[in-house]
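J.:
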Amino acid sequence: MSEEAGGADEQLWRSLAVAVNREYASASIVLHDGDEVALLPPVSGGYCARGEKLALQAKTSWAQALLVRKFRGKMNERDDDVD
Amino acid sequence: MLIEIVDGPIAADAIVAAMKAGGDGAVCVFDGIVRDNTRGRKTLYLDYEAYREMALEQMHRLASDAVAKFGVRDVAVVHRLGRLMIGETSVLIVVASAHRAAAFDACRWLIDTLKKTVPIWKKETFADGAVWADGEPFPEALAAHPGGGSA
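Protein chains in written order, with this note's numbering: chain G, 1 to 83; chain X, 1001 to 1151.
#1: Rounded to the nearest angstrom, what separates Lys1020 (chain X) and Met1059 (chain X) at their Cα positions?
#2: Go ahead and pull the three-state DSSP assignment for Glu1004 (chain X).
#3: So what does DSSP say about Ala1103 (chain X), is it helix, strand or coil?
#4: So, under 8 Å CB-CB, Ala1050 (chain X) and Pro1119 (chain X) are touching, yes? Tell me the CB distance rounded to an integer number of Å.
#5: Would you kindly work out how many angstroms separate the C-alpha atoms of Arg1061 (chain X) and Glu10 (chain G), rounded to a whole number?
#6: Can you name the residues of chain G whose CB is closer than 9 Å to the CB of Ile1120 (chain X)?
#7: Would DSSP call Leu16 (chain G) helix, strand or coil?
#8: Between Arg22 (chain G) and Met1001 (chain X), which are expected to be in contact by the criterion C-beta below 8 Å, what is the C-beta distance as a whole number of angstroms?
#9: Work out the CA separation of Asp1007 (chain X) and Asp33 (chain G) for me, nearest whole Å.
#10: Could you name the residues of the same chain whose beta carbon sits closer than 6 Å to that of Ile1033 (chain X), not counting the 5 residues immediately before and after it, in chain order?
#11: For Val1016 (chain X), which of helix, strand or coil comes out of DSSP?
#12: Could you pull out every residue in the same chain whose Cβ sits closer than 8 Å to the Cβ of Leu1110 (chain X), ignoring the five residues on either side in sequence?
#13: Who are the neighbours of Ala18 (chain G) on chain X, taking C-beta pairs under 8 Å?
#14: For Val1077 (chain X), verify whether its CB is less than 7 Å away from any heavy atom of the ligand NAP.
#15: Let me make sure I understand the geometry here. Which of X:Val1027, X:Asp1013 and X:Ile1010 has the alpha-carbon closest to that of Ala1098 (chain X)?
#16: How is Ala1068 (chain X) classed by DSSP in three states: helix, strand or coil?
#17: If we cut at 8 Å on Cβ distances, does Leu31 (chain G) have a partner in chain X?
#18: With 8 Å set as the bound, which would you pick, yes or no: does the beta-carbon of Leu40 (chain G) sit closer than that to a beta-carbon of chain X?
#19: Between Asp1134 (chain X) and Ser28 (chain G), which are expected to be in contact by the criterion C-beta below 8 Å, what is the C-beta distance as a whole number of angstroms?
#20: Whose Cβ in chain G lies nearer than 7 Å to the Cβ of His1079 (chain X)?
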């Protein structure tokens, strides 16, 4: 994946985790046709006490940033990667 | 093991009662409930959302890991999604064990790890606005860019 993004985008990207087929994965993982890819913002489930980092200003919905999309790239030329 | 993501109220008492077995000497319960404020700011309600399929798989893995790591007999992990009002249970963790030390340790580890690794997010609505909770940085091993989360 690209690491070209700078500034705020760079910060956003570095706070994310990547999941492939519902497992945490490193950013360098090779995708295969049909893989389910998710970009996960820092999670906040559990109980209602979460330390000292409350941001009082309204912010973009983290959950809306969650992307879950089937990977349908043109991977045909990468058939050798399919196991 | 009882591992569930639910959309309605969590029947905590019934779940705890069902977890008890003859060989147990301790049942440790963590009942996470919605507090009426965050650092003095008045909370009206919380909305929980999840990447549901992955969250459920991660919760199953946490429960199995807890049994293996702490040697407890059985574990229940139930998380609720949707809108929760003050005092309602958002997450329930129950650990049954022959001895209390393992039950306490496993219960603490389960809630702490769940909060960092299970893909669930919450939006807090206050009397004077709303925010999506910041969340905790991912553990080093899970981050797409190790080292990036601590920046």
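Built from N, CA and C at the ideal position, the CB exists for glycine as well.
It should be emphasised that the depicted structure is a prediction, and the values quoted were computed from it without experimental measurement.
T.: Quick look at the numbers:
#1: 21 Å
#2: Under the three-state reduction of DSSP, Glu1004 (chain X) is assigned to strand.
#3: helix
#4: 6 Å
#5: Going from the Cα of Arg1061 (chain X) to the Cα of Glu10 (chain G) covers about 31 Å.
#6: Val43, Ser44, Gly45 and Gly46
#7: It is coil, neither helix nor strand.
#8: That pair is no contact at about 19 Å.
#9: 33 Å
#10: Gly1087 and Thr1089
#11: helix
#12: If we look at Leu1110 (chain X) and ignore the five residues flanking it on each side, its Cβ neighbours are Phe1030, Leu1062, Ala1063, Ala1066, Val1075, Val1077, Ile1093 and Val1095.
#13: Note that residue 18 (chain G) is Val in the sequence shown, not Ala. Chain X residues near Val18 (chain G): Ala1144.
#14: Summarising the ligand content, the structure contains no ligands, and the ligand NAP is consequently not present.
#15: Between Ala1098 (chain X) and the set X:Val1027, X:Asp1013 and X:Ile1010, the nearest pair of CA atoms involves X:Val1027.
#16: helix
#17: No, Leu31 (chain G) lies away from the interface with chain X (no Cβ there is under 8 Å from its Cβ).
#18: yes
#19: Not a contact, Cβ separation roughly 27 Å.
#20: Gly45
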